[in-house]
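For the sequence shown, the residue numbers in the working numbering are 15 to 206. The C-beta atom is built at its ideal place from N, Cα and C for all residues, glycine as well.
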Amino acid sequence: MSTPSKLHRLCVFMTPADEARFSDAVRTSLPAVRFVDASQQPETPLPTFRSSLSECAGPHVTLVDTSIISESTFHRDYVVRHPSGRGWVYAIVGSGLASLVRSRSEDDSLRNGEVRASVPTEDARTAEYIRELTNLVRAGGTGVFAVDPLTGDTARRAERNFVAWPDAASRFGARAAPSLTNGPTAWFTVDR
């Protein structure tokens, strides 16, 4: 029988400049956290633990709290051979883990990324880590408001699970031409 867990998900708009600020904030507030670049999966069963997002090339990054799970335990328990026999698969959920899907630029707009975690209900240490990480992401960003693509009307309240970091907000969040997006018809602005 599987252990019940709680899913945490926060959509975030970040440019590379915002990612650098985020990495600095993580190093300051959560110094045991390291970044694992999922783009290494085809190459190695021993992914490098990095101290900054700028050292990661891929669109998916796992944030490992090494005070909860060590690098050697991650390599032993959270890296498995890909079913095809080519490459490996790195865990994105589990004790001490959070996942970041990075924002990406598309046609002069910025599509949101996500910080996600699935926390087993009895895992208090991981729950606290995810709470701190989510608070850090929220504190570094600002709320965004949905924009009706047909009328240009802006929602009265900020979206609950979306934030834009400063560079993304200033470059893509203008009310006159909102370019923060969650899909072809889901547009957001930082201005109300």
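- For the 9 angstroms CB-CB criterion, T203 and A188 form a contact.
- Taking a C-beta distance under 9 angstroms as the contact criterion, D181 and D79 do not qualify as a contact pair.
- DSSP lists F27, T156 as the beta-bridge partner residues of A178.
- In the DSSP assignment, the residues bridged to S123 are E120.
- From the listed residues I144, F36, A190, the smallest Cα separation to L67 is found for F36.
- When only Cα atoms are considered, D162 and T199 end up about 8 angstroms apart.
- DSSP places E128 within a strand segment (E or B) once states are collapsed to three.
- Nearest C-alpha to E57 among G197, L77, P192, W102: W102.
- Closest in alpha carbon position to P18, among P45, T140, E136, A160, is E136.
- Here DSSP, grouped into helix, strand and coil, assigns S84 to coil.
- If you draw a straight line from the Cα of S193 to the Cα of G155, it is about 16 angstroms long.
- In terms of Cβ geometry, S123 and T29 do not form a close pair [threshold 9 angstroms].
- In terms of Cα proximity to A172, the closest of P61, D121, A160 is A160.
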